[in-house]
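Residue numbers (this note's numbering), protein chains in the order written: chain L, 45 to 505; chain X, 4 to 522.
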Amino acid sequence: MNVDLLFTVLGACVVGAPTLLLAVLGLTALLARPLSERAISRWTASCVIVGLAATVAILAAMLKTGARSVPLTLGDWVAIPQEHFHFHLKLVFDRLSVPFAILTFVLTGAVSAFAGRYMHREPGYGRFFLSFSVFLLGMTVASLAGTIETLFMGWELVGLASALLVAFFHERAAPVLNAQRVWSVYRLSDAAFLLAAVALHHATGAGDFAGLMGTGPWPQGHAALSPGQALGVGLLLLVAAAGKSALLPFSGWLPRAMEGPTPSSAVFYGAFSVHLGAFLLLRVSPILELSLWLCAAVVVLGLASAAFASVAGRIQTDIKGALAFASLTQVGIITAEIGLGLRYIPLIHIIGHACLRTLQLLRAPSLLRDYRMLENAVGGHLNAAGAASREWFPDGLRRLYRVGFDRGQLDEAIDRFVVRPFGDIFRWCDRMERNWTDFLSGAASRESDRIAAVAAVEEEV
Amino acid sequence: MHELPFPWLELCVLIPSVGALWVKFTRDPDIARSRSLAASGLALACAVAAWQTFSRMSTFEARGWWGPLVIDELSAPKLPLAALIYFLTNMATLRTKVREFSFARSLGSEAILLATFACKAPWAVAALLAAGTVPPYLELRKGRKPTRVYLLHMSLFVALLGFGQWLLMANHGPAGRATLAVAVLTAAVLIRGGVVPLHCWMTDLFEHATFGTALLFVTPMVGAYGVTRLVLPIASPEVLWAISLASLVTAVYAAGMALVQREARRFFCYLFLSHSSLVLVGLETATPIGLTGALSVWLSVALSLTGFGLTMRCVECRTGRISLSAFHGLFQHVPMLAALFLITGLGSIGFPGTAGFVGLELLVEGAIQAFPLVGALVVIVAAMNGLAVMHAYFRIFTGRPHAASVDLSVRPAEKASVLVLSALIVGVGLYPQPGVASRYHAATGLAGARPRDGRRQLHGEGRAGGRAESGIGRGVHRLLGGGLGEIVAAEGDGELRGQRREVSRMPRRRGEVDILRGD
Numbered sequence: 045m046n047v048d049l050l051f052t053v054l055g056a057c058v059v060g061a062p063t064l065l066l067a068v069l070g071l072t073a074l075l076a077r078p079l080s081e082r083a084i085s086r087w088t089a090s091c092v093i094v095g096l097a098a099t100v101a102i103l104a105a106m107l108k109t110g111a112r113s114v115p116l117t118l119g120d121w122v123a124i125p126q127e128h129f130h131f132h133l134k135l136v137f138d139r140l141s142v143p144f145a146i147l148t149f150v151l152t153g154a155v156s157a158f159a160g161r162y163m164h165r166e167p168g169y170g171r172f173f174l175s176f177s178v179f180l181l182g183m184t185v186a187s188l189a190g191t192i193e194t195l196f197m198g199w200e201l202v203g204l205a206s207a208l209l210v211a212f213f214h215e216r217a218a219p220v221l222n223a224q225r226v227w228s229v230y231r232l233s234d235a236a237f238l239l240a241a242v243a244l245h246h247a248t249g250a251g252d253f254a255g256l257m258g259t260g261p262w263p264q265g266h267a268a269l270s271p272g273q274a275l276g277v278g279l280l281l282l283v284a285a286a287g288k289s290a291l292l293p294f295s296g297w298l299p300r301a302m303e304g305p306t307p308s309s310a311v312f313y314g315a316f317s318v319h320l321g322a323f324l325l326l327r328v329s330p331i332l333e334l335s336l337w338l339c340a341a342v343v344v345l346g347l348a349s350a351a352f353a354s355v356a357g358r359i360q361t362d363i364k365g366a367l368a369f370a371s372l373t374q375v376g377i378i379t380a381e382i383g384l385g386l387r388y389i390p391l392i393h394i395i396g397h398a399c400l401r402t403l404q405l406l407r408a409p410s411l412l413r414d415y416r417m418l419e420n421a422v423g424g425h426l427n428a429a430g431a432a433s434r435e436w437f438p439d440g441l442r443r444l445y446r447v448g449f450d451r452g453q454l455d456e457a458i459d460r461f462v463v464r465p466f467g468d469i470f471r472w473c474d475r476m477e478r479n480w481t482d483f484l485s486g487a488a489s490r491e492s493d494r495i496a497a498v499a500a501v502e503e504e505v
Numbered sequence: 004m005h006e007l008p009f010p011w012l013e014l015c016v017l018i019p020s021v022g023a024l025w026v027k028f029t030r031d032p033d034i035a036r037s038r039s040l041a042a043s044g045l046a047l048a049c050a051v052a053a054w055q056t057f058s059r060m061s062t063f064e065a066r067g068w069w070g071p072l073v074i075d076e077l078s079a080p081k082l083p084l085a086a087l088i089y090f091l092t093n094m095a096t097l098r099t100k101v102r103e104f105s106f107a108r109s110l111g112s113e114a115i116l117l118a119t120f121a122c123k124a125p126w127a128v129a130a131l132l133a134a135g136t137v138p139p140y141l142e143l144r145k146g147r148k149p150t151r152v153y154l155l156h157m158s159l160f161v162a163l164l165g166f167g168q169w170l171l172m173a174n175h176g177p178a179g180r181a182t183l184a185v186a187v188l189t190a191a192v193l194i195r196g197g198v199v200p201l202h203c204w205m206t207d208l209f210e211h212a213t214f215g216t217a218l219l220f221v222t223p224m225v226g227a228y229g230v231t232r233l234v235l236p237i238a239s240p241e242v243l244w245a246i247s248l249a250s251l252v253t254a255v256y257a258a259g260m261a262l263v264q265r266e267a268r269r270f271f272c273y274l275f276l277s278h279s280s281l282v283l284v285g286l287e288t289a290t291p292i293g294l295t296g297a298l299s300v301w302l303s304v305a306l307s308l309t310g311f312g313l314t315m316r317c318v319e320c321r322t323g324r325i326s327l328s329a330f331h332g333l334f335q336h337v338p339m340l341a342a343l344f345l346i347t348g349l350g351s352i353g354f355p356g357t358a359g360f361v362g363l364e365l366l367v368e369g370a371i372q373a374f375p376l377v378g379a380l381v382v383i384v385a386a387m388n389g390l391a392v393m394h395a396y397f398r399i400f401t402g403r404p405h406a407a408s409v410d411l412s413v414r415p416a417e418k419a420s421v422l423v424l425s426a427l428i429v430g431v432g433l434y435p436q437p438g439v440a441s442r443y444h445a446a447t448g449l450a451g452a453r454p455r456d457g458r459r460q461l462h463g464e465g466r467a468g469g470r471a472e473s474g475i476g477r478g479v480h481r482l483l484g485g486g487l488g489e490i491v492a493a494e495g496d497g498e499l500r501g502q503r504r505e506v507s508r509m510p511r512r513r514g515e516v517d518i519l520r521g522d
């Protein structure tokens, strides 16, 4: 078997395993033939193991052959040859994607094993793992994407899974409303990403990362853009990354997203989804290098997010909220590192942070029990962490903590300056339309005005 | 012109017509439903046969056995799509609704719609477009619902259509009369398409007619068909600019309105309006990529929004009219409907893996080629529609579960209808190449059908690099004044698109050069 064929087969396994998992769980749910908990766990474990094994095998083969970048073209998904329009499905295994893919499989495997027990007898067990499989596929595709369109596909899948899992406990209104907020930010982020992708495609005639970033393997490469183009496209990508990674001013959604089950919080907001923005910036790092202003924007945004999260995290009253802001602090620092031109350090930082935060989030539900065990072992109360450092802050700086009380009032600001004016304008238009149709009809024209908020369920005759 | 070897087109029209009469004189509603399913099923089979026969003929168009009926690359997939929409809507009509929903009238309107798609001659298309407005009016009258809003708008539409056709057919005089004819026809088809501010008939129809009737009247997007058959072949760039601008404004307006609606039918209406307007925006881009995207989005939106509407209709059968002000908690009762609602809703916004994804990409690509701001607005509209879809999903299916005294689970007929559409949405999404190739052929045909004058006008202002600029781009230049417009064009062309002139000089790079050369 030659090396190329080996890479092709293994690459197909890496993406094929999560695809198969999604197909199995999705079809069985859609056809009302739900699998048992045990079957779901086994399917998930098997697909994760196959994917991980294939990725590790690719890594071993790359090390053996000395290849630093292995592109794998799965073919043209759509092609209009007369217009030179091609939508390639392409994967690339390089120093950025392989570690990320391995991390994806390892942590999702661990979390899914945890979830298999944590979610036992939960009514939405199947629904949880279905969304989880959407996430796994999205994350795998995003990590290994060799074209910006492929990355966008993975990006969107991760966003959908995230929103659905935030709303997992959908019997209560709060998780659903928070999920809606998360989805709103994601849609904005997706719009920015799509615009950047089309602009890149348009400016360079290529969506392929090899074409965009030059032929050097990551992190070497030179983007085929002018500094002005790099600034424009880079800012769009930065907005996309900020939305996905909860950087300012979109930080409000991250603590809200903790409404979801602990395993999903761990894997999304400890491990992957929150780092996807940073991953995007790493992937398009040759574009950042073309514009000093862009790098400066990345650094400023990262540091500001880190500072804000550091302050806000200190006054959170629940563990998941505190961990959310702790996560954001690190993501902000990682972003700043990327803006400063570092490449491997942020990657290592992401990997280490993802592992630590996943562990912390998985342990979060048993935090109080852990504390009591420690106190029993110690024989007394534990010293409150950071008490000494609080005394070192002068009064003036302590007021900074007020910034964190309402999480910087970022959501309120968005509601006040964006959502409410938008809603007011269109509700006014709706009233005008009602007046117009009432005038034309000569009477009240809307039956829908008489509908109760929650109608009684009618019985079928 | 080639001729189809079998009268499939004639059968497509005849079977539902005869079926309408057959069902009209059937007293028992259940038997009426069965007969209408048989008739619409047969019509679907004939439409599919017509499409497949035509595909094998390797020709751009073929005529039927009876004079005006023609099938071409544009209408070939629309015939089975329209027939499928009617068949599945009839199938998903539950027994609770058979007394409200007239199957005879549905078959009658199906016959008119299929005849519309099977015609190319402007006079025939215009006559059928006018005839198609009658069945919903009859339903409103029979149900003693307010008809004024609908009647006023459709009367205006029919009057403008008739006047425009008359002007065109009597056009032996000055060129001004032809321009007036085009403007009048454009206004007519835009009213039918629901362009703002003359869209209130659509929301009124959803308010007062049955959901099934309203759905069948709008989802085939006959207004867009009217634009492609009646206006595009003869319109000047200024007219295309007007269509594009009106459609863009409608798309943005409707997307915003969808987000603030408190009732599900009105929400659906605005969501549909937004998507259908994007199709018109894409049609105007005048590039093969943009046209291909528009035609692809046309099919995907028709499929997915029909599925979305049918799912919503299924929910309405259980809860009555759906308020979006509160949570209904229906997931526990109808999880499959929730899943299908999500699939069809995401399909309508072009989510990856669904039928609309590649079409939207092509449409955005084409729009950005024409004018970047248009492309940006298309993306923003898609994002807003995504918000609206998830908002509706959360309101309908999440929340404290209702305690119901009867089994609310989805019935086999409903399941089959929505599953078929979902399978098509996902299937076409995963394997889009055949559809895109077919729409590209249709797009090149559409671009070739435009008069050389129009193309010379696009070309004649001496733009460097031979970039095909859409009507809306030129319109913005005029609005801003020549000098400022040039600056805007230059800046717009500058950093982000600076390499496009390089790109567009490459032979056959984006198809713009093809159009300008009249290839």
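Yeah, the Cβ is synthetic: ideal placement off N, Cα and C, and Gly gets one too.
Residue pairing by DSSP places X/Arg66 opposite X/Glu6, X/Val73 in a beta bridge. 8 Å or more divides the Cβ of L/Val178 from the Cβ of L/Leu79.
In terms of Cβ geometry, L/Val202 and L/Ser317 form a close pair [threshold 8 Å].
The DSSP assignment places no complete run of the beta strand (DSSP E) inside the stretch 365 to 406 of chain X (cut-off: 3 residues).
Excluding its 5 nearest sequence neighbours in each direction, L/Val94 has C-beta neighbours in its own chain below 7 Å: Cys57, Ala61, listed in chain order. At a cut-off of 8 Å between beta-carbon atoms, X/Ile88 makes no contact with chain L.
DSSP lists L/Thr117 as the beta-bridge partner residues of L/Lys134. For L/Arg451, there is no enclosing alpha helix (DSSP H), as DSSP gives it neither H nor E. With its beta carbon less than 8 Å from one in chain L, X/Glu266 belongs to the interface. Judged by DSSP in its simplified three-state form, L/Ser228 adopts helix. Beta bridge pairing from DSSP links L/Glu166 with no other residue.
Listed in chain order, the non-local C-beta contacts of X/Pro71 below 7 Å within the same chain comprise Cys122, Ala124, Ala127, local neighbours out to five positions each way being set aside.
Approximately 10 Å separates the beta-carbon atoms of X/Ser43 and X/Leu117; this is outside 8 Å, ruling out the contact. In the DSSP assignment, L/Ser354 falls within the alpha helix (DSSP H) that extends over 336 to 358.
For X/Pro139, the nearest beta carbon of chain L is not closer than 8 Å to its own beta carbon. The stretch 203 to 216 of chain L makes contact with the stretch 226 to 242 of chain L, as at least three CB pairs between them are under 8 Å. Exclusion of the five residues before and after L/His214 leaves Val220 as the residues of its chain whose Cβ lies within less than 7 Å of its Cβ.
Around L/His393, the same chain offers Gln374, Ile377, Ile378, Glu381 as residues with beta carbons nearer than 8 Å, after the five sequence neighbours per side are excluded. Pairing X/Val439 with X/Gly359 gives a Cβ-Cβ distance that is not under 8 Å. Contacts with chain L (Cβ-Cβ distance below 7 Å) from the stretch 390 to 401 of chain X involve Leu390, Met393, His394, Phe397, Thr401, listed in chain order. Among the residues of chain X, none has a CB under 8 Å from the CB of L/Arg165; the nearest is roughly 16 Å distant.
Following the DSSP letters along the chain, one finds X/Leu433 inside the alpha helix (DSSP H) bounded by residues 415 to 433. Check the Cα spacing between X/Leu87 and each of X/Tyr443, X/Leu427, X/Ser37: the tightest is with X/Leu427. Interface flag for L/Arg490 against chain X is set, since a Cβ pair is found closer than 8 Å.
Counted as a single uninterrupted DSSP element, the alpha helix (DSSP H) harbouring L/Asp468 occupies residues 464 to 485.
Here L/Ile124 carries a strand assignment [DSSP, helix/strand/coil]. For the stretch 69 to 83 of chain L, residues whose beta-carbon sits nearer than 9 Å to a beta-carbon of chain X comprise Gly70, Ala73, Leu74, Leu75, Ala76. Between X/Phe120 and X/Leu82, the CB-CB gap stays under 8 Å. The residues Asn222, Arg225, Val226, in chain order, have a CB closer than 7 Å to that of L/Arg300 in the same chain once the five nearest residues on each side in sequence are set aside. Residues of chain L with a Cβ closer than 8 Å to the Cβ of X/Val421 do not exist; the shortest Cβ-Cβ separation is about 10 Å. DSSP places L/Glu333 outside both helix and strand once states are collapsed to three, so it counts as coil. For L/Ser85, the closest C-alpha among the options L/Gly287, L/Ile102, L/Asp120, L/Arg165 is that of L/Arg165. Bounds of the alpha helix (DSSP H) holding L/Asp414 are 411 to 422. Here the C-alpha atom of L/Leu334 lies approximately 20 Å from the C-alpha atom of L/Thr191.
Take X/Thr447, set aside five residues on each side of it, and the residues of its chain with a beta-carbon closer than 7 Å to its own are Pro291, in chain order.
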